[in-house]
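**Student:** Dumping the structure here so I can ask a few things about it.
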Amino acid sequence: MCGDEAANPFSLLANETRLGVVEAIGNASGGGEYATLSHSTVQEALGGVDSGKLNYHLRQLRGRFVERTDDGYRLTLPGIRVYQALVSGAFDGERPSVEPVELEHDCETCGDPMTVSYEQGRFFVRCPTCDVVYQRYPISPNAVDESDAQSLLDVSMWTCHIDTWTMLRGICPYCSGAVERTFSPEDRVGTNNDDWDLFAYLSCRSCGWFNHVTAEMVALHHHATTTFYDERGLSEQYMDVKLDSEWTVTVHSEDPLRARVEITHDGDTIRFLLDEHLEVVDWSVDGERPHRSGATPRRRRAASDDPAPRSRMEASLSILADETRLAIVEVLGDAGGGGEDAALPYSTIRDRLATGDTGNLSYHLKRLRGRFVDPVDEGYRLTISGIRAYQAVASGRFERDRPTVEPTPFGERCAECDGLLQASYLDGRFIVRCNGCSVRWFRYPLSPNAFDPDDVQQLVEAAFTRNYTDLRSMFAGICPYCSSGVARTVSGSDRGEMGVDEDTVFAHLSCLRCSWFALPRVDMVAFLHHATATYFERHGRPKPSAGMIVDGEWTTTVRSEDPLRVQVDIELDGDTLHHVVDEDLQVVEWTVLD
């Protein structure tokens with residue numbers, strides 16, 4: 001094994017009983033809650049395992065993957081990620097595949113129709129004639145319906161968007177580690193298109209998850225671009241394989257590096273200036289048509305009424321509950337840094353495991369194949385489920401005991417009493433509480449990989465960015481961690497329990513497979529909408545997602561109960577941004593009123 005058990009989370013989990021504990025607690029979760037189980041309940045779930053043996057294994061897990069509370073044992077955030085990784089490998093029979101299906105879009109190079117397909121755990125949009133690859137991205141098998149190519153396209157394009165959006169903000173969408181963001185003029189990453197000259201290079205420093213996108217895509221995923229297209233009748237432009245627009249990229253300066261991206265659509269042009277860290281330094285619009293209602297939102301993925309039974313996880317559990325197999329996952333994952341899809345030859349894996357028993361290694365590789373490891377021409381590489389397993393275990397790989405941040409002011413004040421808000425990190429959870437009236441404004445489980453314990457401002461920014469990313473994905477009906485469907489319901493029944501007024505409505509969001517959940521207020525849909533970020537920037541204010549308390553006067557009104565329509569108005573400097581949110585958590589109307 002790579003490293004001793006005390007320091008290495010892969011060693012901690014390389015045991016059937018320990019993975020069984022994670023599975024038992026995860027399986028008991030649901031309905032918007034992660035379970036806490038008593039010792040006897042865990043013991044019963046594991047088939048009556050010896051009490052002394054169970055105590056030993058629980059001690060090994062405590063601190064990293066399991067924590068003890070007054071009510072029993074619950075998963076830490078890395079423990080939840082391990083459970084989600086096991087779920088991502090729980091699919092029926094063979095891994096799904098979708099043969100190439102023609103799209104209603106033609107290749108820019110040769111003019112022939114492009115195709116969409118799902119092969120070896122990866123989503124592709126490409127031209128079969130000239131072999132140009134327009135999209136290539138690992139997608140969990142949970143997201144794929146083999147009978148519905150359009151669903152594959154929709155879910156995959158959304159996943160590409162939300163992952164890129166998160167990484168451009170400097171946070172890994174899977175392990176929450178810091179992301180390196182640079183430009184790379186030489187890197188075309190197998191697209192077979194020499195016309196794309198400037199690429200953005202995004203790579204997580206913790207788990208090696210990476211993305212390479214053209215400079216145009218950095219601008220495409222910006223909220224101002226979404227508003228620009230929305231004002232011209234096209235919603236969610238990042239969901240389109242091909243846009244009928246003119247794109248121009250020029251290197252504005254080399255030291256420091258500045259790239260200018262111009263997008264012309266319907267006679268108007270939006271211009272961006274990007275710096276060497278892929279930050280938008282400036283943006284402007286020619287021929288701007290402000291204060292126009294947005295387009296009708298697209299159909300969202302509907303969660304299945306018949307979620308997959310949790311018993312399917314047994315195969316994933318039995319495969320990974322072995323020291324050699326988890327070591328193989330670790331070796332392949334560790335080799336995947338630097339933004340590359342690592343594939344290692346058999347001999348390299350053997351050498352790094354320091355094993356001379358080739359028969360034993362071959363047996364374990366065979367057991368992993370299909371679910372967690374793929375054979376390729378260069379050797380072996382992780383599948384998307386293997387990558388998720390590596391990321392999940394790596395999220396428990398920190399240098400010392402889980403960090404703690406004592407309550408510390410971070411420059412914002414309570415909306416109730418004007419007292420100082422304080423941020424803290426306790427038991428793996430980020431908390432914002434007022435030191436005056438003691439109201440707890442925010443609580444969120446956050447990976448220790450996401451922040452430096454000595455930098456409270458970084459902690460605050462990382463927690464809000466991570467939470468907002470989760471909500472955007474769950475509002476769209478897709479779990480941000482295992483890619484399964486999300487049950488979305490809207491209710492005002494919580495109002496009395498939480499002491500809020502009659503116009504406060506809550507969304508209940510829960511993954512049908514891994515139970516990741518959130519209970520945000522419905523006005524968060526407007527809070528995270530692209531028009532809101534653009535509206536604030538046009539008024540020279542920080543984007544709402546930049547902090548806890550935001551400028552402006554916010555008013556929420558329930559316009560109708562059946563069908564549900566919630567109106568959210570934001571007033572700034574005499575203007576009002578008006579949103580209407582429906583029961584599917586979609587903004588069906590927005591406009592700016594003078």
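Going by full-length UniProt numbering, 552 is the number at position 552 of the sequence shown; the sequence numbering is gapless. C-beta atoms are modelled at their ideal positions from N, C-alpha and C, and glycine is treated no differently. What you are looking at is a predicted structure, and each value in this text was computed from that prediction instead of being measured.
Would you decide whether residue 391 is buried or exposed? Buried here means 16 or more other CB atoms lie within 10 Å of its CB.
**Tutor:** The sequence position of residue 391 within the sequence shown is 391, counting from 1. Buried: at least 16 other Cβ atoms inside 10 Å.
**Student:** Got a sec, what are the start and stop residues for the beta strand (DSSP E) residue 73 sits in?
**Tutor:** Position 73 of the sequence shown, counting from 1, holds the residue named residue 73. Its beta strand (DSSP E) spans residues 72-75.
**Student:** Suppose the cutoff is 6 Å on Cβ atoms and the five residues either side in sequence are ignored; what does the same chain contact list for residue 310 look like?
**Tutor:** Position 310 of the sequence shown, counted from the first residue, corresponds to residue 310. Legend: pLDDT at residue 310 = 43, less than 50; position of this residue unreliable, no value from coordinates given.
**Student:** Note down the Cα distance separating residue 593 from residue 577, rounded to an integer number of angstroms.
**Tutor:** On the sequence shown, residue 593 is found 593 positions in, with the first residue counted as 1. On the sequence shown, residue 577 is found 577 positions in, with the first residue counted as 1. Going from the Cα of residue 593 to the Cα of residue 577 covers about 6 Å.
**Student:** Relative to the C-alpha of residue 434, which residue among 442, 103 and 428 is closest?
**Tutor:** What you label residue 434 is simply residue 434 of the sequence shown in a count that begins at 1. Answer by Cα proximity: 442.
**Student:** Report the option in 214, 209 and 57 whose CA atom is closest to the CA atom of residue 250.
**Tutor:** Counting from 1 along the sequence shown, the entry for residue 250 is found at position 250. Selected option, being the one with the closest Cα: 214.
**Student:** From the DSSP output, in three-state form, read off residue 111 for me.
**Tutor:** Here residue 111 refers to the residue found at position 111 of the sequence shown. The answer is coil: DSSP assigns residue 111 none of H, G, I, E or B.
**Student:** Three-state secondary structure (DSSP) at residue 253?
**Tutor:** Counting from 1 along the sequence shown, the entry for residue 253 is found at position 253. Looking at residue 253 - three-state DSSP - the assignment turns out to be strand.
**Student:** In this structure, how does DSSP classify residue 66 when only helix, strand and coil are distinguished?
**Tutor:** Working through the sequence shown from its first residue, we reach residue 66 at position 66. Note: residue 66 maps to strand in three-state DSSP.
**Student:** Under three-state DSSP, which class holds residue 513?
**Tutor:** Stepping through the sequence shown from its first residue, residue 513 is reached at position 513. The answer is coil: DSSP assigns residue 513 none of H, G, I, E or B.
**Student:** Considering only C-alpha positions, which residue in the set 571, 540, 320 and 530 is nearest to residue 555?
**Tutor:** Start at 1 with the first residue of the sequence shown, and residue 555 comes out as number 555. Selected option, being the one with the closest Cα: 571.
**Student:** Flag this pair as yes or no: are the beta carbons of residue 407 and residue 453 separated by less than 8 Å?
**Tutor:** As a first step, residue 407 is located in the sequence shown; it is residue number 407 there, counting from the start. As a first step, residue 453 is located in the sequence shown; it is residue number 453 there, counting from the start. Result no, Cβ atoms of residue 407 and residue 453 do not sit closer than 8 Å.
**Student:** Can the beta-carbon of residue 225 be found closer than 8 Å to that of residue 237?
**Tutor:** Working through the sequence shown from its first residue, we reach residue 225 at position 225. Working through the sequence shown from its first residue, we reach residue 237 at position 237. The answer is yes: Cβ separation under 8 Å.
**Student:** Below 6 Å CB to CB, which residues in the same chain sit around residue 335 once its five sequence neighbours on both sides are set aside?
**Tutor:** Residue mapping note: residue 335 aligns to position 335 of the sequence shown, counting from 1. So the list reads 342 and 344, once near-sequence residues are dropped.
**Student:** Does the structure place the stretch 261-271 close enough to the stretch 207-221 that three or more beta carbon pairs sit under 8 Å?
**Tutor:** Yes, they touch.
**Student:** Quick one: using the 10 Å Cβ neighbour count with 16 as the cut-off for buried, is residue 318 buried or exposed?
**Tutor:** What you label residue 318 is simply residue 318 of the sequence shown in a count that begins at 1. Residue 318 is exposed by the Cβ-count criterion.
**Student:** Nearest by alpha-carbon distance to residue 55: which of 98, 18 and 246 is it?
**Tutor:** What you label residue 55 is simply residue 55 of the sequence shown in a count that begins at 1. Per the Cα distances, 18.
**Student:** Can you say whether residue 267 is buried or exposed, counting buried as having 16 or more other CB atoms within 10 angstroms of its CB?
**Tutor:** Looking up residue 267 in the sequence shown gives position 267. Exposed, since its Cβ has fewer than 16 Cβ neighbours within 10 Å.
**Student:** Locate the beta strand (DSSP E) running through residue 222, then write down its first and last residues.
**Tutor:** Within the sequence shown, numbered from 1, the residue matching residue 222 stands at position 222. No beta strand (DSSP E) contains residue 222, which DSSP labels as neither H nor E.
**Student:** With residue 422 as the anchor, note down where its beta strand (DSSP E) starts and where it stops.
**Tutor:** The residue labelled residue 422 in the question sits at position 422 within the sequence shown. That run of the beta strand (DSSP E) goes 420-426.
**Student:** Among the candidates 447, 565, 241 and 569, whose CA atom is the shortest distance from the CA of residue 581?
**Tutor:** Stepping through the sequence shown from its first residue, residue 581 is reached at position 581. Cα-wise, what sits closest to residue 581 is 565.
**Student:** For the beta strand (DSSP E) that contains residue 124, what are its first and last residues?
**Tutor:** By 1-based counting over the sequence shown, the position of residue 124 is 124. Where residue 124 is concerned, the enclosing beta strand (DSSP E) stretches over 122-126.
**Student:** I'd like to know if the stretch 165-181 and the stretch 455-467 are in contact, where contact means that at least 3 CB-CB pairs between them fall below 8 Å.
**Tutor:** Taking 8 Å as the limit for Cβ pairs, the verdict is that the stretch 455-467 does touch the stretch 165-181.
**Student:** What did DSSP end up calling residue 572 once you bin it into helix, strand or coil?
**Tutor:** The residue you call residue 572 lines up with position 572 of the sequence shown. Residue state, collapsed to three classes: strand.
**Student:** Between the Cα of residue 444 and the Cα atoms of 382, 432, 451 and 418, which residue gives the shortest distance?
**Tutor:** Here residue 444 corresponds to residue number 444 of the sequence shown, with the count starting at 1. Looking at the Cα atoms, 432 is the closest of the given residues.
**Student:** Out of 368, 394, 79 and 61, state which residue places its alpha-carbon closest to the alpha-carbon of residue 516.
**Tutor:** Walking along the sequence shown from the start, residue 516 turns up at place 516. Taking only the C-alpha atoms, the option nearest residue 516 is 79.
**Student:** List the whole-angstrom C-beta distance separating residue 530 from residue 230, where the pair is believed to meet the contact cut-off of C-beta under 8 Å.
**Tutor:** Residue numbering aside, residue 530 sits at position 530 when the sequence shown is read from its first letter. Residue numbering aside, residue 230 sits at position 230 when the sequence shown is read from its first letter. Going by Cβ atoms, the distance from residue 530 to residue 230 rounds to 7 Å, so yes, they are a contact pair.
**Student:** How many whole angstroms separate the CB atoms of residue 82 and residue 393, which I take to be in contact at a CB cut-off of 8 Å?
**Tutor:** Along the sequence shown, read from residue 1 onward, the residue named residue 82 stands at position 82. Along the sequence shown, read from residue 1 onward, the residue named residue 393 stands at position 393. Confirmed, about 6 Å.
**Student:** Does the stretch 176-184 come close enough to the stretch 138-155 that 3 or more CB-CB pairs lie under 8 Å?
**Tutor:** Short answer: they don't touch.
**Student:** Please confirm whether residue 428 and residue 77 have their CB atoms less than 8 Å apart.
**Tutor:** Taking the first residue of the sequence shown as position 1, residue 428 is located at position 428. Taking the first residue of the sequence shown as position 1, residue 77 is located at position 77. Yes, the pair counts as a contact, with Cβ atoms nearer than the cut-off.
**Student:** Following the continuous alpha helix (DSSP H) through residue 56, name the residue where it begins and the one where it ends.
**Tutor:** As a working note, residue 56 is residue 56 in the sequence shown. Unbroken alpha helix (DSSP H) run through residue 56: 51-61.
**Student:** Which class does residue 372 belong to by DSSP, given the choice of helix, strand or coil?
**Tutor:** Reading the sequence shown from its first residue, position 372 is the one you call residue 372. The answer is coil: DSSP assigns residue 372 none of H, G, I, E or B.
**Student:** DSSP three-state label for residue 160, please.
**Tutor:** In the sequence shown, residue 160 corresponds to position 160, counting from 1. Residue 160 falls in the helix class under three-state DSSP.
**Student:** Helix, strand or coil for residue 491? Go by DSSP, reduced to three states.
**Tutor:** One-based indexing of the sequence shown puts residue 491 at position 491. Strand.
**Student:** So if DSSP puts residue 274 in a beta bridge, which residue, or which two residues, is it bridged to?
**Tutor:** Position 274 of the sequence shown, counted from the first residue, corresponds to residue 274. Answer is 259 and 280, bridged to residue 274.
**Student:** What are the boundary residues of the beta strand (DSSP E) that residue 98 is part of?
**Tutor:** The sequence position of residue 98 within the sequence shown is 98, counting from 1. Segment 98-106, the beta strand (DSSP E) holding residue 98.
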